[in-house]
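Below is one structure; the comments refer to it alone.
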Amino acid sequence: MKKILSLSLILLFLVNFSKALEGSTKGFPKKAPKIKGLVTDEGKPFSLESYKGKVLIVTYGYTHCPHVCPTITAYLKQVESKLNEDGYKGKYRIIFISVDPKDDTVERLRKYKKEHGFNDFIFVTGSEKALKKVWNNYNVYVKDKGIMEMKHGNMVMKHRMIDHTAKVTIIDKNGNIREEFLGMYLPVDKIVKDVEELIKE
Ligand SMILES: [Cu+2]
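Counting in the working numbering, the sequence shown tops out at residue 229, every number present.
Structural data, given as structure tokens:
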């Protein structure tokens, strides 16, 4: 009898655990480091505090990125559609922090956002100094490799290449980082599930 009881306790424990967040939670929850000196694509100062009460889906990239960032933002657009379908519009925000202080000016971000229909995303940029601090605080590796030539079939095209960490950081309504999704191929359904759970907390 005792054995059965302890076995069912273990099972209960496992079931509870499977309800946990789907991303990488190592080192979290952790207070999200302050973000200072950055501006939004509307040219307004950006602060995490102004989004208190909303769940934040944060990614890092640059608008000239040929492959990685377009993949990530395409997935995040799916996340956006599903969250909105489920009735959570306004309860979360998707934030794109630039890794390219050289080219990602406010004007460039605004144009990119409009051209690609990322209407509800918030693009954020700033000086190299201010951005570097954010990359460091959020463990985002950034290395500007300048212009590189890439073959596309018979054509050689020039791309501005910046190596950078591909990931999404999820911040809860109280400003704590809860988890991260690493890599560019994002699990849309898992992110949606977790964000909805965090909205309901
Ligand atoms: Cu990129």
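Backbone N, C-alpha and C fix where the C-beta goes; we use that ideal spot for every residue, glycine too.
Excluding five sequence neighbours on each side, which residues of the same chain lie with their C-beta closer than 6 angstroms to the C-beta of residue 103? Here residue 103 refers to the residue found at position 75 when the sequence shown is read from its first residue. Leaving aside the five residues that flank residue 103 on each side, the residues in its chain whose CB is nearer than 6 angstroms to its CB run, in chain order, 214, 216.
Which of helix, strand or coil does DSSP assign to residue 63? On the sequence shown, residue 63 is found 35 positions in, with the first residue counted as 1. Under the three-state reduction of DSSP, residue 63 is assigned to coil, being neither helix nor strand.
One question on the structure: do residue 220 and residue 83 come within less than 8 angstroms of each other, judged by their Cβ atoms? Against the sequence shown, residue 220 aligns to sequence position 192. Against the sequence shown, residue 83 aligns to sequence position 55. Their beta carbons are not under 8 angstroms apart, which means residue 220 does not touch residue 83 by this criterion.
Pull the bridge partners of residue 172 from the DSSP assignment, please. On the sequence shown, position 144 is the one that residue 172 refers to. For residue 172, which the question treats as bridged, DSSP gives the partners 190.
Going by beta-carbon coordinates alone, are residue 79 and residue 121 separated by less than 8 angstroms? Here residue 79 corresponds to residue number 51 of the sequence shown, with the count starting at 1. Here residue 121 corresponds to residue number 93 of the sequence shown, with the count starting at 1. A contact, by the Cβ cut-off of 8 angstroms.
By Cβ distance below 6 angstroms, which residues in the same chain neighbour residue 184 in space, the five residues on each side in sequence not counted? On the sequence shown, position 156 is the one that residue 184 refers to. So the qualifying residues of the chain are 177.
Once DSSP output is grouped into helix, strand and coil, what is the label at residue 162? By one-based count along the sequence shown, residue 162 stands at place 134. Note: residue 162 maps to helix in three-state DSSP.
Is residue 46 helix, strand or coil by DSSP? Position 18 of the sequence shown, counting from 1, holds the residue named residue 46. With a pLDDT of 45 at residue 46, under the threshold of 50, the modelled position of that residue is not reliable, and the figure given next carries that caveat. In the structure shown, residue 46 sits in a helix (DSSP, three-state: H, G or I).
Going by DSSP, what residues sit across from residue 209 in a beta bridge? Sequence index remark: in the sequence shown, residue 209 carries index 181 (1-based). For residue 209, which the question treats as bridged, DSSP gives the partners 196.
Report the rounded CA-to-CA distance for residue 116 versus residue 110, giving the unit in angstroms. As a first step, residue 116 is located in the sequence shown; it is residue number 88 there, counting from the start. As a first step, residue 110 is located in the sequence shown; it is residue number 82 there, counting from the start. For residue 116 and residue 110, the gap between their C-alpha atoms comes out near 9 angstroms.
Which one of 112, 125, 148, 172 has the shortest CA to CA distance from residue 289? The question about residue 289 has no answer here: the residues shown for the chain are numbered 29 through 229.
At a cut-off of 7 angstroms, is residue 96 close to ligand 1 when judged by its beta-carbon and the heavy atoms of the ligand? By one-based count along the sequence shown, residue 96 stands at place 68. For residue 96, the shortest separation between its Cβ and any heavy atom of ligand 1 lies below 7 angstroms.
Under a Cβ-count criterion, where at least 16 other Cβ atoms within 10 Å of its own Cβ denotes burial, should residue 181 be classed as buried or exposed? Walking along the sequence shown from the start, residue 181 turns up at place 153. With fewer than 16 Cβ atoms within 10 Å of its Cβ, residue 181 is classed as exposed.
Evaluate residue 51 with the Cβ neighbour count: other Cβ atoms within 10 Å of its Cβ, from every protein chain shown; 16 or more gives buried, anything less gives exposed. Here the question's residue 51 lines up with position 23 in the sequence shown. Looking at its Cβ environment, which holds 16 or more other Cβ atoms inside 10 Å, residue 51 is buried.
If I follow the unbroken beta strand (DSSP E) through residue 87, where does it start and stop? Start at 1 with the first residue of the sequence shown, and residue 87 comes out as number 59. Where residue 87 is concerned, the enclosing beta strand (DSSP E) stretches over 83 to 89.
To the nearest angstrom, how far is the alpha carbon of residue 100 from that of residue 141? Here residue 100 refers to the residue found at position 72 of the sequence shown. Here residue 141 refers to the residue found at position 113 of the sequence shown. Cα to Cα, residue 100 sits roughly 14 angstroms from residue 141.
By a C-beta neighbour count over all protein chains shown, 10 Å radius and 16 as the cutoff for buried, is residue 69 buried or exposed? Start at 1 with the first residue of the sequence shown, and residue 69 comes out as number 41. Residue 69 should be labelled buried.
With a Cβ-Cβ cutoff of 8 angstroms, do residue 191 and residue 171 count as a contact? Stepping through the sequence shown from its first residue, residue 191 is reached at position 163. Stepping through the sequence shown from its first residue, residue 171 is reached at position 143. Yes, they are a contact pair.
Euclidean distance between Cα positions of residue 138 and residue 105: As a first step, residue 138 is located in the sequence shown; it is residue number 110 there, counting from the start. As a first step, residue 105 is located in the sequence shown; it is residue number 77 there, counting from the start. When rounded, the distance between both Cα atoms is 17 angstroms.
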